[in-house]
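Below: the structure, in structure tokens.
2 protein chains.
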Amino acid sequence: MPGRRLTGKDAYHEEPPNARNTLRSIILGLLGARPMTGYDIKQAFDRAIASYWNAGNSQIYTTLKALEHEGLVESEVVIQQHRPNRKLYRLTPQGQVELEVWLQESAPERFTKDEFLAKLFFCGQTSDEIALRHLIEHHQALEAQLAHMEWVLQRYTQRPARRPHLLEYQLLVREYKAETLRADLTVTERAIARLHERIAGQQPSGVAEREREP
Amino acid sequence: MPGRRLTGKDAYHEEPPNARNTLRSIILGLLGARPMTGYDIKQAFDRAIASYWNAGNSQIYTTLKALEHEGLVESEVVIQQHRPNRKLYRLTPQGQVELEVWLQESAPERFTKDEFLAKLFFCGQTSDEIALRHLIEHHQALEAQLAHMEWVLQRYTQRPARRPHLLEYQLLVREYKAETLRADLTVTERAIARLHERIAGQQPSGVAEREREP
DNA sequence: TCCATCATGTAAGGTGTTACATGATTGC
DNA sequence: GCAATCATGTAACACCTTACATGATGGA
Numbered sequence: 008m009p010g011r012r013l014t015g016k017d018a019y020h021e022e023p024p025n026a027r028n029t030l031r032s033i034i035l036g037l038l039g040a041r042p043m044t045g046y047d048i049k050q051a052f053d054r055a056i057a058s059y060w061n062a063g064n065s066q067i068y069t070t071l072k073a074l075e076h077e078g079l080v081e082s083e084v085v086i087q088q089h090r091p092n093r094k095l096y097r098l099t100p101q102g103q104v105e106l107e108v109w110l111q112e113s114a115p116e117r118f119t120k121d122e123f124l125a126k127l128f129f130c131g132q133t134s135d136e137i138a139l140r141h142l143i144e145h146h147q148a149l150e151a152q153l154a155h156m157e158w159v160l161q162r163y164t165q166r167p168a169r170r171p172h173l174l175e176y177q178l179l180v181r182e183y184k185a186e187t188l189r190a191d192l193t194v195t196e197r198a199i200a201r202l203h204e205r206i207a208g209q210q211p212s213g214v215a216e217r218e219r220e221p
Numbered sequence: 008m009p010g011r012r013l014t015g016k017d018a019y020h021e022e023p024p025n026a027r028n029t030l031r032s033i034i035l036g037l038l039g040a041r042p043m044t045g046y047d048i049k050q051a052f053d054r055a056i057a058s059y060w061n062a063g064n065s066q067i068y069t070t071l072k073a074l075e076h077e078g079l080v081e082s083e084v085v086i087q088q089h090r091p092n093r094k095l096y097r098l099t100p101q102g103q104v105e106l107e108v109w110l111q112e113s114a115p116e117r118f119t120k121d122e123f124l125a126k127l128f129f130c131g132q133t134s135d136e137i138a139l140r141h142l143i144e145h146h147q148a149l150e151a152q153l154a155h156m157e158w159v160l161q162r163y164t165q166r167p168a169r170r171p172h173l174l175e176y177q178l179l180v181r182e183y184k185a186e187t188l189r190a191d192l193t194v195t196e197r198a199i200a201r202l203h204e205r206i207a208g209q210q211p212s213g214v215a216e217r218e219r220e221p
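Going down the list, the protein sequences come from chains B and H. Count along the first sequence starting at 1, add 7, and that's the number in the working numbering. Count along the second sequence starting at 1, add 7, and that's the number in the working numbering.
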């Protein structure tokens with residue numbers, strides 16, 4: 008065990024200038040509510056957080072190990088009879104502190120990446136039909152996202168809720184995201200309608216085999 | 008001209024299963040409109056694309072090199088008198104093809120990452136005052152984004168525009184993004200108002216250690 | 001029998017960010 | 001004199017994704 012006396016990270020860790028560490032903070036946040044396994048955390052992502060952050064198992068398990076190595080979380084193996092054992096993680100006091108620091112820091116507003124918009128931006132270089140297809144597919148995806156959110160919302164609000172105060176902000180985020188989705192749906196619909204019109208109006212001579220309203 | 012019969016890359020390139028290559032495609036898209044230098048491309052990002060994609064110089068210049076190495080773009084050095092020379096890139100026919108393929112592919116809808124929402128989600132574990140601060144800062148950031156978009160919009164639409172068809176979709180994306188921003192502003196304002204009320208209503212007494220629910 | 005769920009991971013490789021390096025010209 | 005603009009890059013490293021590996025239980 009090399010260099011154990013130095014409390015692990017403080018001595019030669021030095022927080023690289025490059026680290027954003029959002030995933031770590033999210034995991035700390037989840038563990039702040041209750042002890043969880045890697046599996047639980049993955050489910051939390053898929054059920055509640057996926058629409059604005061996500062992570063694969065590989066990232067989750069390795070991050071948990073790193074956090075434990077740094078003393079921010081600790082684990083305990085819960086032996087089970089008819090299923091694989093669970094490795095249950097919980098925050099240490101240090102982890103609690105780190106979480107509080109993160110919650111108080113302002114989040115730097117970094118641009119978000121959106122491949123759909125990036126592609127749409129260049130659609131002037133291809134045909135309107137293709138652009139229309141992208142818009143329609145995007146519309147479907149937005150509807151699916153909204154549906155998923157509402158589906159999960161029910162499973163959430165039916166149970167009495169362990170800590171109503173925690174739930175409040177979770178619902179706020181949900182509302183925020185839902186509102187954004189609805190706005191996106193509206194703009195997308197408007198764009199689809201406009202494109203439909205344009206395409207119908209400009210090609211009275213049949214191109215391939217598309218039919219249109221008399 | 009080495010290995011021309013094999014169309015260049017097919018032979019030993021093999022496209023790793025892991026590659027999304029969005030940045031490359033965006034650069035191809037920009038060069039599809041007109042020849043550009045790395046510097047021009049960076050400006051295009053900052054001016055037009057930054058709200059849904061961005062890249063640092065390092066990524067741009069290395070990607071341009073990679074693209075040239077693969078034969079999708081070619082460059083020519085333009086000598087200048089009183090400034091550094093410009094290395095002007097343009098699409099090759101191959102690059103044109105790759106761009107068209109990308110424009111036709113459906114964009115997989117991947118979740119977007121939003122550190123602000125992630126943090127807000129956990130704000131039940133800290134004080135309402137801190138949450139309020141985050142919301143206010145976020146509101147300011149949203150307004151700044153909108154302002155920037157409108158500022159750029161003017162410089163754009165004043166000039167007669169080289170190719171109006173290209174501009175159309177660029178304006179659509181802008182409209183889309185602006186609409187989203189306005190929706191976000193509205194939800195944020197609503198949340199701020201609610202929080203203000205709550206905070207005002209619940210603490211006629213001291214601030215320090217709150218804890219109670221009558 | 002086949003598939004989904006529970007549960008924990010490793011390996012490989014692409015993507016993105018920050019910091020650093022250079023250097024002339026123009027405007028305040 | 002100082003800062004911004006023009007212009008091109010490299011190095012280091014953190015972050016994220018995909019694919020792969022394992023194995024029992026319980027239901028259709």
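We treat Cβ as the ideally placed atom computed from N, Cα and C, and that holds for glycine. Only a predicted model underlies this, so the values are computations on that prediction, with no experimental measurement involved.
Residue of the options minimising C-alpha distance to residue i
i: Thr133/H; options: Leu106/B, Val159/B, Glu116/B, Lys120/B; result: Leu106/B
i: Gln66/B; options: Pro42/B, Ala40/B, Ile33/B, Arg197/B; result: Ile33/B
i: Ala57/H; options: Gln177/H, Leu95/H, Glu112/H; result: Gln177/H
i: Glu75/B; options: Ala55/B, Gln88/B, Thr99/B; result: Thr99/B
i: Gln101/H; options: Trp158/H, Asp135/H, Ala125/H, Leu35/H; result: Leu35/H
i: Arg162/B; options: Asp47/B, Ile48/B, Ala55/B, Leu30/B; result: Ala55/B
i: Lys72/B; options: Arg90/B, Tyr59/B, Gly45/B; result: Gly45/B
i: His172/B; options: Pro171/H, Gln88/H, Leu127/H, Lys184/H; result: Leu127/H
i: Ile4/B; options: Thr193/B, Leu153/B, Glu136/B; result: Any answer about residue 4/B is impossible in this case: the structure gives chain B only from 8 up to 221.
i: Ala125/H; options: Ala26/B, Arg166/B, Arg31/B; result: Arg31/B
i: Leu79/B; options: Gly63/B, Gln103/B, Thr29/B; result: Gln103/B
i: Ala26/H; options: Glu204/H, Ala185/H, Pro115/H; result: Pro115/H
i: Glu182/B; options: Glu157/B, Gln165/B, Glu204/B, Arg169/B; result: Glu157/B
i: Leu37/H; options: Glu83/H, Arg90/H, Val194/H, Leu95/H; result: Leu95/H
i: Met43/B; options: Ser82/B, Asn28/B, Arg170/B; result: Ser82/B
i: Gln111/B; options: Phe118/H, Phe123/H, Leu160/H, Leu188/H; result: Phe123/H
Residues bridged to residue i [DSSP beta-bridge criterion]
i: Glu83/H; result: Leu95/H
i: Met43/H; result: Tyr96/H
Listed by chain order, chain B residues near residue i by CB distance under 8 Å
i: Gln101/H; result: Near Gln101/H there are no residues of chain B at all, since even the closest Cβ is about 16 Å away, more than 8 Å.
i: Asp121/H; result: Tyr59, Trp60, Thr119
i: Glu186/H; result: Ala190, Asp191, Thr193, Val194
i: Leu110/H; result: Lys126, Phe129, Cys130, Gln132, Thr133, Ile137
Simplified DSSP assignment, three categories, for residue i
i: Arg162/B; result: helix
i: Ser32/H; result: helix
i: Arg205/H; result: helix
i: Ala62/B; result: coil
i: Asp121/H; result: coil
i: Gln210/B; result: coil
i: Gly102/H; result: helix
i: Ala57/B; result: coil
i: Ala114/B; result: coil
i: Gly78/H; result: coil
i: Ala26/B; result: coil
i: Asp17/B; result: In this predicted model, Asp17/B has a pLDDT of only 44, less than 50, meaning its place in the structure is not dependable; the value taken from the coordinates is given anyway. Three-state result, Asp17/B: helix.
i: Phe128/H; result: helix
Contact set for residue i: own chain, Cβ-Cβ below 8 Å, skip 5 residues either direction
i: Ile86/H; result: Asn92
i: Glu196/B; result: His146
i: Ile143/H; result: Ile199
i: Gln88/H; result: none
i: Leu202/H; result: Asp135, Ala138, Leu139, Leu142
i: Val180/B; result: Tyr59
i: Leu192/B; result: His146, Leu149, Glu150, Leu153
i: Asn64/B; result: Gly45, Lys49
Chain B contact residues for residue i, given Cβ-Cβ distances below 7 Å
i: Leu179/H; result: Leu127, Ala198
i: Glu182/H; result: Val194
i: Ala154/H; result: Simply none; closest approach about 14 Å.
i: Ile48/H; result: Within 7 Å Cβ-Cβ: nothing; Ile48/H doesn't reach chain B, min ~13 Å.
i: Glu157/H; result: Here the premise fails: no neighbours, minimum Cβ distance about 17 Å.
i: Glu107/H; result: Thr133
Nonlocal neighbours in the same chain, by C-beta distance under 7 Å from residue i, ignoring five residues either side
i: Asn61/B; result: Phe52
i: Pro221/H; result: In this predicted model, Pro221/H has a pLDDT of only 44, less than 50, meaning its place in the structure is not dependable enough to derive any value.
i: Ala190/H; result: none
Where residue i meets chain B, residues with beta-carbon distance less than 9 Å
i: Thr29/H; result: Lys120, Glu122, Ala125, Lys126
i: Glu175/H; result: Cys130, Gly131
Chain-ordered chain H contacts of residue i [CB-CB under 7 Å]
i: Ala148/B; result: Glu116
Per-residue contacts from residue i into chain H (C-beta, under 9 Å)
i: Ala168/B; result: What Ala168/B touches in chain H: nothing, since even the nearest Cβ is about 11 Å away.
i: Glu144/B; result: Ser113, Ala114, Glu116
Contacts of residue i in chain H (Cβ-Cβ under 8 Å)
i: Ala138/B; result: Tyr176
i: His172/B; result: Gly131
Contacts around residue i, its chain only, beta-carbon distance under 6 Å, and the 5 residues preceding and following it disregarded
i: Gly15/H; result: Bear in mind that the predicted position of Gly15/H carries a pLDDT of just 39, short of 50, making it unreliable; the figure below should be weighed with that in mind. Counting only Cβ-Cβ distances below 6 Å, and skipping sequence neighbours, we find Gly78.
i: Arg170/H; result: none
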